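Enquirer: Chains as they are written, first to last, in our numbering: chain A, 286 to 499; chain B, 286 to 499. Below are the structure tokens for one structure; questions will follow.
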DNA sequence: TCGCGGTGTTTCACACTTGAAACAATATGA
DNA sequence: TCATATTGTTTCAAGTGTGAAACACCGCGA
């Protein structure tokens, strides 16, 4: 197929498939068919084949997929074979929790620096990561070879911080501030808005009987 | 309109509108039209009117919306005028960070109890919240009047924890474990999967020139 | 009283995603 | 050799969300 317009939904599913394959590999299985994979993990077999076909032909007709091989392929497609260095802006509780977040290490991301404007925090260590003055952001980014930024500051500062991030040449940003941010099209910006999720739960609790799954 | 099938996308937008109104109210404005709101916050005016019309007639023709009034209405619709008591299962770093998360207080959620299986943690206090043995979950839930649960345990335990949560009679669950969970239709389950978001950034960085906004 | 501005509502076209179905192609094993 | 299993690919229908357009209705101020 080799479509060049890959939906983010597709790559999200690749993440899921990768986890499923890891589980199967852990059990010692060698091959799996899209049908078995779908039945086991409540997925859709046609979708699995379509998603994978976007990136090449990884299966063997009549057999299925070699689990080890497919794991490597998906790992490569998702870029998980590359190392990334992360800056977290905002050394509050969220920033500190994220510094320790196991998911970063798991996905080959390394928290290389924290940034804050609070003089009491600047210079300190959080989980062995140094807190720098946000004024020195661009300089440290260059020196440390940072290519990913995480926004963990209050909503009112988020847009300004994002602009500094972009000015420093970073293209991939994860935003935890509860506000939509504006950025150019060549910047990959993912916003994780916990407040919206909470208010969605609140809405559900306020009107029993109706539902919606995310 | 009074449609009874409200999309979650609609309620998510209500959350956004509420924030915008808060900002406007803070500036001392009294009324706002859907057009001004849309232009100011990069929204779509037709969508705003449609979303609001799902729940009643809040505007005044020829005038727009009274900001204070609309804030109250949306607050009521989203159930933010009700207090909720939250249990966090998993007293690790993520659980601890969430216990302190300001967004909970902001949305009228109160973290009432933490749960863990680690004897070293049970009985301790984290930000003034007691850590209980997860074995006592149902008992404490009843005693403390808890109606919302947050899953902050490793992925392999998440499904089991969810079942205990459901058995305890809780209907609203937020899951931070990086795995899709299965639950009945009458349970509101929101999964925040940071790993998928990270892998999405990784994919983007691995293939420069292509993009996608979440 | 009249015109302007803005809501409430309907309608339509477009895009995207999903899931099913069908089928050719092709390894494997009997 | 041949049946079977399963991929890779195309096609189609259904559902959902978006955004524009049109317009009736109505409050306000001139």
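Don't be surprised by glycine CBs; every beta carbon is placed ideally from N, CA and C. Small disclaimer: the values here were computed from a predicted structure and weren't measured.
#1: In chain A, which residues lie less than 7 Å from residue 430 of chain B when you measure between Cβ atoms?
#2: Hey, would you say residue 431 of chain A sits closer than 8 Å to residue 455 of chain A, going by beta carbons?
#3: Where do the ends of the beta strand (DSSP E) carrying residue 460 of chain B lie?
#4: Does DSSP put residue 370 of chain A in a helix, a strand or coil?
#5: So which residues on chain A does residue 297 of chain B lean against when the C-beta distance must stay under 7 Å?
#6: Listing by chain order, which chain B residues have their CB less than 7 Å from the CB of residue 364 of chain A?
#7: Should residue 369 of chain A go down as buried or exposed, given a rule of 16 or more other Cβ atoms within 10 Å for buried?
#8: In the DSSP assignment, what are the bridge partners of residue 476 of chain B?
#9: To the nearest angstrom, report how far apart residue 346 of chain A and residue 445 of chain B are at their CA atoms.
#10: Is residue 360 of chain B near the ligand GDP, judged by its Cβ being under 7 Å from some heavy atom?
#11: Counting along the chain, where does the beta strand (DSSP E) carrying residue 436 of chain A start and finish?
#12: Give the interface partners of residue 477 of chain B over in chain A, defined as CB-CB distance under 8 Å, in chain order.
#13: Residues in the same chain with beta-carbon distance under 7 Å from residue 383 of chain A, minus the five sequence neighbours each way, listed in chain order, please.
#14: Using a Cβ cut-off of 8 Å, which residues of the region 405–419 of chain A contact any Cβ in chain B, in chain order?
#15: What did DSSP end up calling residue 511 of chain B once you bin it into helix, strand or coil?
#16: Run down chain B in chain order and give the residues with a C-beta less than 8 Å from the C-beta of residue 467 of chain A.
#17: Tell me which residues share the same chain as residue 365 of chain B and place their Cβ nearer than 7 Å to its Cβ, disregarding the 5 neighbours each side in the sequence.
#18: What are the boundary residues of the beta strand (DSSP E) that residue 399 of chain A is part of?
#19: For residue 416 of chain A, which residues does DSSP report across the bridge?
#20: On the three-pair Cβ rule with 8 Å, is the region 348–356 of chain B touching the region 460–479 of chain A?
#21: Quick one: what does DSSP say residue 386 of chain A is sitting in, helix, strand or coil?
#22: Shortest alpha-carbon distance to residue 481 of chain B belongs to which of A/356, A/300, A/390?
Expert: According to the data block:
#1: Here the premise fails: no neighbours, minimum Cβ distance about 13 Å.
#2: It is a contact, given that the beta carbons lie within the stated cut-off.
#3: 457–460
#4: strand
#5: Under the 7 Å cutoff, chain A gives 481, 485.
#6: 487, 488, 490, 491
#7: buried
#8: B/460
#9: Going from the Cα of residue 346 of chain A to the Cα of residue 445 of chain B covers about 37 Å.
#10: No copy of the ligand GDP occurs in the structure displayed, which carries no ligand at all.
#11: 433–436
#12: 477, 479, 482
#13: 373, 435, 437
#14: none
#15: Examination of residue 511 of chain B is not possible in this model, given that chain B is present from 286 through 499 alone.
#16: 327
#17: 392, 393
#18: Note, residue 399 of chain A: beta strand (DSSP E), 394–401.
#19: A/399
#20: no
#21: coil
#22: A/300
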